[in-house]
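Chemist:
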Amino acid sequence: MEFPQAQAIDERLRNKPPRIPRFVESDNNINPITNEIELMKLPLLFSSQIQPTAFFLPPPETRSATINLDKAIEFELKHGRKLDPQMDRKKLRRTVSNRISAQKSRLRKAQYIHDMERKVNELEETLTFLEEKSARWLEKRRLLKVQNETLHHLLAIRENQANQAQMVFEKNKAEVNRLREVEKALLRMSLNDGGMSSSSCSGFFEDDEQVGSGMAGQVPFLNFDA
Numbered sequence: 001m002e003f004p005q006a007q008a009i010d011e012r013l014r015n016k017p018p019r020i021p022r023f024v025e026s027d028n029n030i031n032p033i034t035n036e037i038e039l040m041k042l043p044l045l046f047s048s049q050i051q052p053t054a055f056f057l058p059p060p061e062t063r064s065a066t067i068n069l070d071k072a073i074e075f076e077l078k079h080g081r082k083l084d085p086q087m088d089r090k091k092l093r094r095t096v097s098n099r100i101s102a103q104k105s106r107l108r109k110a111q112y113i114h115d116m117e118r119k120v121n122e123l124e125e126t127l128t129f130l131e132e133k134s135a136r137w138l139e140k141r142r143l144l145k146v147q148n149e150t151l152h153h154l155l156a157i158r159e160n161q162a163n164q165a166q167m168v169f170e171k172n173k174a175e176v177n178r179l180r181e182v183e184k185a186l187l188r189m190s191l192n193d194g195g196m197s198s199s200s201c202s203g204f205f206e207d208d209e210q211v212g213s214g215m216a217g218q219v220p221f222l223n224f225d226a
């Protein structure tokens with residue numbers, strides 16, 4: 001089915017000469033891809049003069065969509081909800097297209113909900129795993145805290161024992177020093193006492209000799225032979 005408006009547009013395009021793009025060859029072209037696209041359009045422009053109907057062929061995606069829409073219209077007319085077969089073709093296509101769009105939207109929503117539910121399940125599993133792991137780490141932290149407190153208590157006991165041992169050591173060291181001083185004093189006293197006794201003995205013997213020699217000079221010699 002052809003429409004008059006489309007036929008008029010086809011006639012104008014058929015009589016209109018093709019517009020050939022002009023290219024400026026330059027080494028400083030900042031967008032060479034645009035020129036390549038224009039070159040790719042040339043066969044379409046020239047072929048439109050030979051086969052003008054080919055210019056109105058939609059792209060493959062639109063063609064498949066049109067075919068699917070036609071099939072959907074046939075299916076709706078045969079098996080779908082009640083539609084007036086005498087309805088205007090444009091209105092019929094628009095109605096069926098709206099139904100297809102609504103169905104696709106419902107499918108997208110259902111798929112989105114399914115994906116969200118799957119992600120929720122995955123996140124719940126991850127959350128459960130992390131909660132169990134967190135509980136294990138908290139228990140380990142509690143045990144380490146108890147162990148740390150025990151070690152601090154033992155350290156305080158050892159420090160107290162070390163302080164007491166240091167005090168005993170200082171006390172014993174002072175006692176040893178005192179005993180050494182006493183020993184030195186006794187040694188000096190013994191040395192002093194020994195010198196005094198030897199000097200008194202030598203003086204006593206010298207006095208005896210002097211007394212003996214004096215008496216010998218005063219007493220006359222007796223001769224018993226006479």
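The opening position of the sequence shown corresponds to residue 1 in full-length UniProt numbering, with each subsequent residue numbered one higher.
Yeah, the Cβ is synthetic: ideal placement off N, Cα and C, and Gly gets one too.
(1) Give me the Cα-Cα distance between Arg99 and Arg108, rounded to the nearest whole angstrom.
(2) Classify Asp115 as helix, strand or coil using the three-state DSSP reduction.
(3) With DSSP collapsed to three states, give me the class of Asp88.
(4) With burial defined as no fewer than 16 other Cβ atoms inside 10 Å of the residue's Cβ, what is the status of Val168: buried or exposed?
(5) Tell me the rounded alpha-carbon separation between Ala165 and Lys171.
(6) Around the Cβ of Val120, are there at least 16 other Cβ atoms within 10 angstroms (buried) or fewer (exposed)?
(7) Roughly how many angstroms separate the alpha carbons of Arg93 and Arg106, rounded to a whole number?
(8) Go ahead and label Val96 buried or exposed: buried means 16 or more other beta carbons lie within 10 angstroms of its beta carbon, across all protein chains shown.
(9) Quick check: the Cα distance between Thr128 and Ala110, rounded to an integer number of angstroms?
Modeler: According to the structure data:
(1) Along the sequence shown, read from residue 1 onward, the residue named residue 99 stands at position 99. Along the sequence shown, read from residue 1 onward, the residue named residue 108 stands at position 108. So the two alpha carbons sit approximately 14 Å from each other.
(2) Reading the sequence shown from its first residue, position 115 is the one you call residue 115. The answer is helix: DSSP assigns Asp115 an H, G or I state.
(3) For this step, residue 88 is matched to residue 88 along the sequence shown. Here Asp88 sits in coil by DSSP.
(4) Along the sequence shown, one-based indexing puts residue 168 at 168. The residue in question, Val168, is exposed, as its Cβ has fewer than 16 Cβ neighbours within 10 Å.
(5) As a working note, residue 165 is residue 165 in the sequence shown. As a working note, residue 171 is residue 171 in the sequence shown. Using only the alpha carbons, I get a separation of about 10 Å.
(6) Along the sequence shown, one-based indexing puts residue 120 at 120. When all chains shown are included, Val120 counts as exposed.
(7) On the sequence shown, position 93 is the one that residue 93 refers to. On the sequence shown, position 106 is the one that residue 106 refers to. For Arg93 and Arg106, the distance between alpha carbons rounds to 20 Å.
(8) Taking the sequence shown and counting its residues from 1, the one referred to as residue 96 is at position 96. Label assigned to Val96: buried.
(9) For the purposes of this step, residue 128 is taken as the residue at position 128 of the sequence shown. For the purposes of this step, residue 110 is taken as the residue at position 110 of the sequence shown. The straight-line gap from Cα to Cα measures roughly 27 Å.
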